[in-house]
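Undergrad: What follows is a structure written as structure tokens; I'll ask about it next.
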Amino acid sequence: MKYYDKLIFDLSKEGRQGYSLPVNKWETSASDLPAGLQRTAAPALPQVSELDVVRHYTNLSQMNFGVDSGFYPLGSCTMKYNPKINEEIAAMPAFAGLHPLQPAQTVQGALRLYKDLSHALSAITGMAEFTLDPFAGAHGELTGLMVIRKYHMSRGDMKRTRIIVPDSAHGTNPASAAVCGLEIVQVKSNAAGLVDVEDLKPLLDDTIAGIMMTNPNTLGLFEKDIKEIAALVHECGGLLYYDGANMNPLMGVVRPGDMGFDVMHLNLHKTFSTPHGGGGPGAGPVGVAAHLASHLPVPKVMEDEDGTLYIADGTCRCENSPEGAGVFGEVCGCSPECMCGCQACGQISGFMGNFGVLLRAYTYILMLGKQNIKMVGPLAVLGANYIKESLKDCFKLPIPTVCKHEFVFDGLLDQSTGVTTLDIAKRLLDYGFHAPTIYFPLLFHQSIMIEPTETESKETLDGFIEIMKHIAAEASADPESLKTAPHTTPVRRLDETTAARQPVLRYKDM
Amino acid sequence: MAKTVEGLYYSESHEWVKVEGNVAVIGITDFAQHAMGDLSYVDMPEVDDELEAGEEFGAVESVKAASDLFCPVSGTVVEINEALEDAPELLNEDAFANWIMKVEMSDPSELEGLMDAAAYEAMCANE
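In order, the protein sequences belong to chains A and B. When you number the first sequence by our numbering, it's gap-free, plus one each residue, and the end is 493. When you number the second sequence by our numbering, it's gap-free, plus one each residue, and the end is 574.
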């Protein structure tokens, strides 16, 4: 691969241009603007030809690795293929040309789609109502926790300020809870890698707002005691939050709502095939059980008796609402169950979430249909178990049971070589594979977390297995080739420690 | 194998305590620095902070992870090792020579709840 690290500004040549703007025939003048808003100097834009621009961005794109360029077994991220029809639908002018401030009566189709996607997600998860507003998984977590907090507070139950999070949880769980003002209580995993019910019991009292769980958990294991855990948590007055990051193997097979969960989020950019990674736009819809529905955030889509859709912004719309009633039930006196929007936990998005992402997810659901959506989980599980069983003679498998969509190795089986998980991950890049998730979960010291997803063929899985075996053999025969990997990438092994200790934050300083 | 030092007290969360009169000198163990990898940041308390036994008093960060630090004994912070602010790698070089903070103990009997070197080594062997 050719090394390329230029900025578009590096290519700039005074007077060069790729586009000629039409002459301004109208009599407009910058002096129409207030003095404070007028530029004092021309903008510093790069001056480049069209070919400069095309080559620049094509070269940059080739330095990237994506699902479209190769196998991407990044555990816990569900890097499945994003079907191109999603893009085709999202690019339709009728959708792409919408403006978020358009009057509701001119966007009835888009609002209907918002509602229909909510219903589809409810059917898949067993939750009563969904908001599609959150922009990401962790944003969904925060939203869900705000719903939980609002629920307890609306009942006058002010003591519930603590939330239980397992030691195997995604790091976002305790982070979201802390942002929501909750205190985190950790519950341990047992030897089988599941939440230890005996460790959980003494934690449950009237200060517990709820528990956040991922099922299957980050080890790829189904929390089989979930019904018992749900009963225990509900008995103490707490709620159950489902982290939907690992929903992929369960789609159409098991529903969080039926397991006893009260609140959950989904990562549309994982399970529902919308683009994922590079910080691109995501979506983290939040679903809740019926008794929490009134606390979902605004804006939300509501339906008039005549079928017209409108957007509720949290202002009380009830008949008896006093003049000037504020938002979120502060003064209107409605019951906590009022659905008009006044009992919402707050507003977490300016408009209706990442609509383009929602559109792609809805396309995905309709393209698969009821029958095929049930195939996603079994195929993802089959692929993960196939890799796990094929490699367990070379890599240490701490939990040997059948996994769901992902599993975790704890480094090489032969740990005498000094080759670490980081070395293995870097070496994989030399062979054209994206590295798996490493050093997570924290339950093991050398975690390698592999998730193939359902969209990979057996040939691709076999290719990966072969290379992983080859790397294990190299670790014994030629550990140096791993310690210094990668060798074929545009950028070699990075000095992460120096980067963390003495970060260079500006291009100019390089 | 990570090393230990005889005569120190050890906590389950991988801190060590060296007793100097009524002052507890506190750091992280060699096992802990080894598990964390190259450290990039040490978050320390402020002098005069009052800490309860088991209370979080700071954190260590590496390129791999961030881990909270827990105070093994109750007391008042009397000194922090400011050298770690610019050179967190000192903990990687020698975790026992480079302490993190010194605490004036309010209840030295809490030391009895901590482990000795042999017990700590046995615990680490199971991790």
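C-beta atoms are modelled at their ideal positions from N, C-alpha and C, and glycine is treated no differently.
So the alpha helix (DSSP H) tyrosine 481 of chain A belongs to, where does it begin and stop?
TA: First, the residue type needs correcting, since residue 481 of chain A is threonine and not tyrosine in the sequence shown. From DSSP, the alpha helix (DSSP H) with threonine 481 of chain A extends over 479 to 484.
Undergrad: In this structure, how does DSSP classify aspartate 583 of chain B when only helix, strand and coil are distinguished?
TA: A question about residue 583 of chain B goes unanswered here, because the residues of chain B that appear run from 448 up to 574.
Undergrad: Taking Cβ-Cβ distances shorter than 7 Å, what residues in chain A pair up with serine 487 of chain B?
TA: Going along chain A in sequence order, the residues near serine 487 of chain B (Cβ under 7 Å) are Thr480, Ala483, Arg484.
Undergrad: What residues match up with glutamine 330 of chain A in a beta bridge as DSSP calls it?
TA: Answer is A:Val281, bridged to glutamine 330 of chain A.
Undergrad: Quick one: what's got a C-beta closer than 6 Å to threonine 420 of chain A's C-beta in the same chain, skipping five residues either side?
TA: Here the set comprises Leu57, Gly58, Ser59, Met432.
Undergrad: Is any beta-carbon of chain A found at less than 9 Å from that of serine 509 of chain B?
TA: Answer yes: the Cβ-Cβ gap between serine 509 of chain B and chain A drops below 9 Å somewhere.
Undergrad: Could you give the DSSP three-state label for phenylalanine 390 of chain A: helix, strand or coil?
TA: Of the three classes helix, strand and coil, the one that applies to phenylalanine 390 of chain A here is strand, per DSSP.
Undergrad: Between arginine 132 of chain A and histidine 217 of chain A, what straight-line distance do the alpha-carbon atoms span, to the nearest angstrom?
TA: Using only the alpha carbons, I get a separation of about 15 Å.
Undergrad: Which residues mark the beginning and the end of the alpha helix (DSSP H) in which phenylalanine 478 of chain B is found?
TA: Per DSSP, phenylalanine 478 of chain B belongs to the alpha helix (DSSP H) from 477 to 483.
Undergrad: Hey, cysteine 386 of chain A and glycine 203 of chain A are a contact pair by Cβ (cut 8 Å); roughly how many whole angstroms apart?
TA: So it is a contact: roughly 4 Å between Cβ atoms.
Undergrad: Is the Cβ-Cβ distance between glycine 297 of chain A and cysteine 317 of chain A less than 9 Å?
TA: Going by C-beta atoms, glycine 297 of chain A is not nearer than 9 Å to cysteine 317 of chain A.
Undergrad: Give the residues of chain B in contact with histidine 428 of chain A, contact being defined as C-beta atoms less than 7 Å apart.
TA: By Cβ distance, chain B contributes Ala482.
Undergrad: For chain A, find out if any of its Cβ atoms is closer than 9 Å to the Cβ of proline 535 of chain B; answer yes or no.
TA: Yes, contact with chain A.
Undergrad: Check the Cβ-Cβ distances between alanine 512 of chain B and every residue of chain A, and say whether any is below 9 Å.
TA: Yes, because at least one Cβ of chain A sits closer than 9 Å to the Cβ of alanine 512 of chain B.
Undergrad: Determine the DSSP secondary structure at arginine 145 of chain A, reduced to helix, strand or coil.
TA: Residue state, collapsed to three classes: strand.
Undergrad: Determine, for leucine 425 of chain A, whether the minimum Cβ-Cβ distance to residues of chain B falls below 9 Å.
TA: So yes, leucine 425 of chain A belongs to the interface.
Undergrad: Quick test of the definition: if touching needs 3 or more C-beta pairs under 8 Å, does the segment 246 to 255 of chain A touch the segment 76 to 95 of chain A?
TA: Short answer: they don't touch.
Undergrad: Hey, valine 472 of chain B and valine 464 of chain B: beta-carbon distance below 9 Å or not?
TA: Cβ atoms of valine 472 of chain B and valine 464 of chain B: closer than 9 Å.
Undergrad: DSSP three-state call for glycine 468 of chain B: helix, strand or coil?
TA: If DSSP states are grouped into helix, strand and coil, glycine 468 of chain B belongs with coil.
Undergrad: If you draw a straight line from the C-alpha of glycine 352 of chain A to the C-alpha of leucine 412 of chain A, how long is it?
TA: Straight-line Cα distance between these residues: approximately 36 Å.
Undergrad: For the segment 349 to 366 of chain A against the segment 115 to 134 of chain A, do three or more pairs of beta-carbon atoms, one drawn from each stretch, fall closer than 8 Å, so that the two count as touching?
TA: Because the criterion of three Cβ pairs below 8 Å is not met, the segment 349 to 366 of chain A and the segment 115 to 134 of chain A do not touch.
Undergrad: Cutting at 6 Å between CB atoms, please list the residues of its own chain near lysine 452 of chain A, excluding the five before and the five after it.
TA: So the qualifying residues of the chain are Cys377.
Undergrad: What's the gap between the Cα of histidine 461 of chain B and the Cα of proline 268 of chain A?
TA: Histidine 461 of chain B and proline 268 of chain A: Cα-Cα distance of roughly 39 Å.
Undergrad: Give the residues of chain B in contact with tyrosine 422 of chain A, contact being defined as C-beta atoms less than 8 Å apart.
TA: Under the 8 Å cutoff, chain B gives Lys511, Ala512.
Undergrad: Is there contact here, the segment 147 to 165 of chain A with the segment 187 to 198 of chain A, by at least three beta-carbon pairs under 8 Å?
TA: Taking 8 Å as the limit for Cβ pairs, the verdict is that the segment 187 to 198 of chain A does touch the segment 147 to 165 of chain A.
Undergrad: Take glycine 339 of chain A and list the residues in its own chain whose beta-carbon comes closer than 6 Å to its own, dropping the five residues that flank it on each side.
TA: For glycine 339 of chain A, where only same-chain residues beyond five positions count, the Cβ hits under 6 Å are Ala73.
Undergrad: Secondary structure at phenylalanine 504 of chain B, three-state DSSP: helix, strand or coil?
TA: Strand at phenylalanine 504 of chain B.
Undergrad: Which partner residues does histidine 494 of chain A have in the DSSP bridge list?
TA: No information on residue 494 of chain A is available, as it lies outside the stretch -16 to 493 that chain A covers here.
Undergrad: Would you say the segment 392 to 399 of chain A touches the segment 206 to 217 of chain A, given that touching needs at least three Cβ pairs under 8 Å?
TA: Cβ pair count under 8 Å is below three, so no.
Undergrad: By a C-beta neighbour count over all protein chains shown, 10 Å radius and 16 as the cutoff for buried, is tryptophan 9 of chain A buried or exposed?
TA: Label assigned to tryptophan 9 of chain A: exposed.
Undergrad: Using the Cα positions of phenylalanine 517 of chain B and alanine 228 of chain A, report the straight-line distance between them to the nearest angstrom.
TA: Going by the C-alpha atoms only, they are around 30 Å apart.
Undergrad: Indicate, with yes or no, if the ligand MG has a heavy atom lying under 8 Å from the CB of methionine 46 of chain A.
TA: The ligand content of the structure shown is nil, which means the ligand MG is not present either.
Undergrad: To the nearest angstrom, report how far apart tyrosine 64 of chain A and asparagine 47 of chain A are at their CA atoms.
TA: Between tyrosine 64 of chain A and asparagine 47 of chain A, the C-alpha separation is close to 16 Å.
Undergrad: Assign tyrosine -13 of chain A to buried or exposed, taking buried as 16 or more other Cβ atoms, counted over all protein chains shown, within 10 Å of its Cβ.
TA: Under this definition tyrosine -13 of chain A is an exposed residue.
Undergrad: Run through the DSSP bridge pairs and tell me what isoleucine 382 of chain A is partnered with.
TA: None, per the DSSP bridge assignment.
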